[in-house]
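Colleague: Provided herewith is a single structure, encoded as structure tokens, for subsequent inquiry.
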Amino acid sequence: MLRRHAKFDEIIGVTGSAGKSTTTRLIHAILASRNVSHVGAGINTPNGICKRFLKKPRNARIWIQEISGHESEAMKAALSFVRPTVGVVTRIGMDHISYYRSPEAIAEAKGQLVEALPEDGFAILNADDPLVASMADKTKAKVVRFGSGPDADIRLVSWSSGYPERLVLRIRAGDQAVDITTRFLGERWITSVMAAFATAIALGVAPEEAAEMIGRVEPERFKDDVYVYSGVTFIADTYKAPYWTVESSIDIVAAAKAPRKLFLFGTLSDYRGAARKRYTTAARAALDVADLVIFYGCHAERPRRLKSEYPGRLFSFEEFDALMAFLKQTLRQDDLIYIKASGADHLERVVLEYEKPISCYVSRCGRLYMCNHCRHLYRGDR
131 MLRRHAKFDE IIGVTGSAGK STTTRLIHAI LASRNVSHVG AGINTPNGIC
181 KRFLKKPRNA RIWIQEISGH ESEAMKAALS FVRPTVGVVT RIGMDHISYY
231 RSPEAIAEAK GQLVEALPED GFAILNADDP LVASMADKTK AKVVRFGSGP
281 DADIRLVSWS SGYPERLVLR IRAGDQAVDI TTRFLGERWI TSVMAAFATA
331 IALGVAPEEA AEMIGRVEPE RFKDDVYVYS GVTFIADTYK APYWTVESSI
381 DIVAAAKAPR KLFLFGTLSD YRGAARKRYT TAARAALDVA DLVIFYGCHA
431 ERPRRLKSEY PGRLFSFEEF DALMAFLKQT LRQDDLIYIK ASGADHLERV
481 VLEYEKPISC YVSRCGRLYM CNHCRHLYRG DR
């Protein structure tokens, strides 16, 4: 009943295999200065969307909603409730590959967003991803393409990123070139920035205004955000770790400037084939850019055969207390450590321990939320 009578000037749905939450937050940052808006970032299932909707501002004129395609029916249910007028698709990766079995099937599910758009709406599509670009054929809405190729309406001209410098982009919108200085690290965030920028331009926001607002947005916590404690730089990517994103994480470490670099892996997900092969491949790639590489968790020993090939550089720990003892003995002034892990590993505790000593050293707790929200963090079992 509440949804039936709620009216909005624009309803923006955001989906894709990566960057949904960040894209949603960026769009909100741009548009919130113009109108009261309701944002659903990080809440993307039908049930979660409905619950968050109950808390929307009564006078909200714009709704920006992240929508998950983890199951085809879930996407359909969410779309019937949200009823977007603008659809944004970031990119197609291998998340939920065990359910869909192929990237094409994932794209088919995500493409429902584009199919649901009205004729007077906008489809904001990644021209650099063929599976996303092909969704233009599924809609009568006006298509706005973003990417680096000549067919892009919003075109990436150049970019740079390498810690301590953050991601800087030059984007051309029509005849106008705009520089955007962000607070993000790494090439992989270009997609979210460009998707948000393209959405803003489609809705009539001036390029300079959109660029300014994007520049104010901080990364989400534990999604490639940066912490410096005791002279050590921590870059934490501990929300999820699909295997297909390992390469872009390694690129961040490769571009970073630091006297010594460490790479800490937790559990990797969303891959096909043998686990040992995947972990070994990830280990080799990380060893090419980092001085020390560490694996933690149930799969920590998967790449153990490489230890003789890389003596003194590859380490594995199945228990959290042993990992922390090693890090406290090993980390030193001016080190940079990149942490990539699934949420179930709770490796954000490495950062939190250096921020303020924690009490919870449980290796496998089974909780599905981040440790900074957990009441056991400072009074758990050590």
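If you count the sequence shown from 1, position 189 lands on 319 in the numbering used here, and the numbers rise without skipping. Ideal Cβ placement from N, Cα and C applies to all residues, glycine included.
Enumerate in chain order the residues of its own chain whose CB-to-CB distance from G427 is below 6 Å, with the five nearest sequence positions on each side excluded.
Modeller: Taking the sequence shown and counting its residues from 1, the one referred to as residue 427 is at position 297. Only G396, T397, D475 meet the Cβ criterion.
Colleague: Counting C-beta neighbours from all protein chains within 10 Å, is the total for A455 16 or more, i.e. buried, or is it exposed?
Modeller: Within the sequence shown, numbered from 1, the residue matching residue 455 stands at position 325. With fewer than 16 other Cβ atoms within 10 Å, it is exposed.
Colleague: Could you tell me which residues DSSP pairs with V216 in its beta bridges?
Modeller: For the purposes of this step, residue 216 is taken as the residue at position 86 of the sequence shown. Answer is I142, F252, bridged to V216.
Colleague: Expressed to the nearest angstrom, what Euclidean distance is found between the alpha-carbon atoms of L247 and T269?
Modeller: Position 117 of the sequence shown, counted from the start, is the residue given in the question as residue 247. Position 139 of the sequence shown, counted from the start, is the residue given in the question as residue 269. Spanning the two alpha carbons is a distance of roughly 7 Å.
Colleague: Tell me the residue span of the alpha helix (DSSP H) that contains Y484.
Modeller: Translated into the one-based positions of the sequence shown, residue 484 becomes position 354. Counting along the chain, the alpha helix (DSSP H) containing Y484 begins and ends at 478-485.
Colleague: What residue does the beta strand (DSSP E) around T363 start on, and which one ends it?
Modeller: Here residue 363 refers to the residue found at position 233 when the sequence shown is read from its first residue. Here the beta strand (DSSP E) through T363 covers 362-367.
Colleague: So what's A474 in DSSP terms, helix, strand or just coil?
Modeller: To locate residue 474, count along the sequence shown from 1; it is residue 344. If DSSP states are grouped into helix, strand and coil, A474 belongs with the helices.
Colleague: Is L394 near I469, with beta carbons less than 8 Å apart?
Modeller: Within the sequence shown, the letter at position 264 stands for residue 394. Within the sequence shown, the letter at position 339 stands for residue 469. Their beta carbons are under 8 Å apart, which means L394 touches I469 by this criterion.
Colleague: What does the alpha-carbon distance come out to for the pair R512 and I488?
Modeller: If you number the sequence shown from 1, residue 512 lands on position 382. If you number the sequence shown from 1, residue 488 lands on position 358. In this prediction, R512 scores a pLDDT of 46, lower than 50, which makes its location untrustworthy; no coordinate-derived value is stated.
Colleague: Roughly how many whole angstroms lie between the Cα atoms of F138 and I194?
Modeller: What you label residue 138 is simply residue 8 of the sequence shown in a count that begins at 1. What you label residue 194 is simply residue 64 of the sequence shown in a count that begins at 1. Straight-line Cα distance between these residues: approximately 10 Å.
Colleague: Using the Cβ count rule (16 or more neighbours within 10 Å means buried), how would you classify Y499?
Modeller: Start at 1 with the first residue of the sequence shown, and residue 499 comes out as number 369. When all chains shown are included, Y499 counts as exposed.
Colleague: Is the stretch 277-291 close to the stretch 202-220, with three or more CB pairs under 8 Å?
Modeller: Taking 8 Å as the limit for Cβ pairs, the verdict is that the stretch 202-220 does not touch the stretch 277-291.
Colleague: So who's on the other strand from L299, going by DSSP bridges?
Modeller: Residue 299 sits at position 169 when you count from the first residue of the sequence shown. Paired residues: W289, I310.
Colleague: What three-state label does DSSP hand L247 in the structure shown?
Modeller: One-based indexing of the sequence shown puts residue 247 at position 117. Here L247 sits in coil by DSSP.
Colleague: Check whether the stretch 263-279 and the stretch 166-176 are in contact - that is, three or more C-beta pairs closer than 8 Å.
Modeller: No, the stretch 263-279 does not touch the stretch 166-176.
Colleague: In terms of residues, what are the limits of the alpha helix (DSSP H) holding F327?
Modeller: Within the sequence shown, the letter at position 197 stands for residue 327. From DSSP, the alpha helix (DSSP H) with F327 extends over 320-332.
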